[in-house]
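*Asks:*
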Ligand SMILES: Cc1cc2nc3c(=O)[nH]c(=O)nc-3n(C[C@H](O)[C@H](O)[C@H](O)COP(=O)(O)OP(=O)(O)OC[C@H]3O[C@@H](n4cnc5c(N)ncnc54)[C@H](O)[C@@H]3O)c2cc1C
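In the numbering used here, the protein residues as written are 269 to 551.
1. Specify the secondary structure class of residue 421 as computed by DSSP and reduced to three states.
2. Roughly how many angstroms separate the alpha carbons of residue 551 and residue 464, rounded to a whole number?
3. Indicate whether residue 398 and residue 357 have their beta-carbon atoms separated by less than 8 Å.
4. Please name the residue, chosen from 545, 451, 484, that lies closest to residue 510 on a Cα-to-Cα basis.
5. Take every Cβ of the segment 303 to 310, pair it with every Cβ of the segment 329 to 336, and state whether three or more of those distances are shorter than 8 Å.
6. For the alpha helix (DSSP H) containing residue 541, name the first residue and the last one.
7. So, under 8 Å CB-CB, residue 536 and residue 548 are touching, yes? Tell me the CB distance rounded to an integer number of Å.
8. Does residue 492 come out as helix, strand or coil in the three-state DSSP assignment?
9. Assign residue 551 to one of three DSSP states: helix, strand, or coil.
10. Which residues in the same chain have their Cβ closer than 6 Å to the Cβ of residue 268, if we skip the five residues on either side of it in sequence?
11. Express the C-alpha separation of residue 520 and residue 533 in angstroms, rounding to a whole number.
12. At what residue ranges does the segment 398 to 485 contain a whole run of the alpha helix (DSSP H), taking only runs of 4 or more?
13. Closer than 7 Å to a non-hydrogen atom of ligand 1 - does that hold for the CB of residue 278?
14. Under 8 Å between the Cβ atoms of residue 501 and residue 518?
15. Where does residue 274 sit, in a helix, a strand or coil, going by DSSP?
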């Protein structure tokens with residue numbers, strides 16, 4: 269049984285005061301689906317635990333002009349049911365709906381998925397594809413904005429400072445007609461973590477030309493990032509079977525250079541082609 273102080277502030281200011289004093293020795297907890305097993309197994313031994321679920325402004329999804337603001341304590345179930353998310357962030361809705369089973373989706377939060385920094389996270393890669401930005405606050409430095417693509421330094425290690433709290437995930441609204449596709453490959457167990465997932469965002473203009481292509485795999489690299497060579501092959505072209513094949517070759521060539529085991533490569537190729545075709549709506 270661990271011995272730590274438990275804090276449950278009602279405001280962001282109080283939370284930042286606690287983090288300013290406790291810093292490294294303080295563990296933030298949201299839904300606890302990662303933190304509680306880590307406490308139970310004594311993988312972490314904090315002096316204090318800071319529960320953020322009582323802080324009302326950290327919950328919910330709001331439209332703010334051309335932007336969307338998602339509170340880090342918003343659960344996957346809340347995201348999946350949100351009308352605003354269904355309208356503007358269908359990729360996020362799909363990724364959130366693919367996490368664990370209903371009990372995990374009812375507890376687990378978007379902020380926890382980012383800050384845990386797992387290479388097998390399902391929502392984090394979708395956020396990279398959506399170009400999301402993180403609003404981080406601390407008592408000494410105020411507010412700073414960090415692109416989610418730069419937030420993960422290494423598996424399970426973020427670039428957040430010990431006294432910083434993630435206070436929002438920000439999205440610029442993408443133009444109507446933007447296409448999205450997502451797929452997660454996992455074992456049949458409803459609670460299974462991903463063997464791989466792929467998020468794709470793209471635009472296809474009236475002439476059938478591709479632009480703003482973003483391809484982000486998950487559970488295939490130490491840190492999720494966009495696969496530039498495959499995006500470049502597609503950009504400015506009119507898609508056909510041969511172009512899809514060329515992009516799939518570039519996707520797999522890129523992955524060969526990272527830690528994905530060889531046996532996963534043919535599967536990665538075929539999942540990539542399926543997700544790309546889904547985004548192009550040619551399935
Ligand atoms: C059975 C099971 C199945 C799972 N299946 C999946 C799955 O299919 N896909 C998947 O992606 N994940 C899965 N997970 C992992 C987990 O549910 C997710 O990572 C979830 O998003 C974590 O959210 P949480 O609110 O529970 O985070 P917590 O456990 O509360 O926190 C996670 C980390 O984030 C930090 N943190 C949380 N909020 C903030 C904040 N606002 N500011 C700063 N730091 C913060 C915490 O300090 C901690 O380091 C599974 C977990 C379990 C136990």
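By construction, the Cβ of each residue, glycine as well, lies at the ideal position given by its N, Cα and C atoms.
Keep in mind that this is a model prediction, so the values were computed, not measured.
*Replies:* According to the data block:
1. Reading the chain shown from its first residue, position 153 is the one you call residue 421. Reduced to three states, the DSSP call for residue 421 is strand.
2. Here residue 551 refers to the residue found at position 283 of the chain shown. Here residue 464 refers to the residue found at position 196 of the chain shown. Reliability fails at residue 551, whose pLDDT of 37 lies under 50, so the model's placement of it is uncertain and the value that follows must be treated cautiously. Taking the straight line from one Cα to the other gives about 21 Å.
3. For this step, residue 398 is matched to residue 130 along the chain shown. For this step, residue 357 is matched to residue 89 along the chain shown. Taking 8 Å as the Cβ cut-off, residue 398 and residue 357 qualify as a contacting pair.
4. Reading the chain shown from its first residue, position 242 is the one you call residue 510. Here the closest residue by C-alpha is 545.
5. no
6. Residue mapping note: residue 541 aligns to position 273 of the chain shown, counting from 1. Where residue 541 is concerned, the enclosing alpha helix (DSSP H) stretches over 533 to 548.
7. Position 268 of the chain shown, counting from 1, holds the residue named residue 536. Position 280 of the chain shown, counting from 1, holds the residue named residue 548. Their Cβ separation, rounded to whole angstroms, is 18 Å, which puts residue 536 and residue 548 out of contact at 8 Å.
8. What you label residue 492 is simply residue 224 of the chain shown in a count that begins at 1. Residue state, collapsed to three classes: coil.
9. Numbered from 1 along the chain shown, position 283 holds the residue referred to as residue 551. Since pLDDT at residue 551 reaches only 37, below the 50 mark, its modelled position is unreliable, and no value is offered.
10. No answer is possible for residue 268: the residues shown for the chain start at 269 and end at 551.
11. Taking the first residue of the chain shown as position 1, residue 533 is located at position 265. Taking the first residue of the chain shown as position 1, residue 520 is located at position 252. One C-alpha to the other measures close to 6 Å.
12. none
13. On the chain shown, residue 278 is found 10 positions in, with the first residue counted as 1. Every heavy atom of ligand 1 is 7 Å or more from the Cβ of residue 278, so no.
14. On the chain shown, position 233 is the one that residue 501 refers to. On the chain shown, position 250 is the one that residue 518 refers to. Yes, these two residues count as a Cβ contact at 8 Å.
15. Taking the first residue of the chain shown as 1, we reach residue 274 at position 6. Reduced to three states, the DSSP call for residue 274 is strand.
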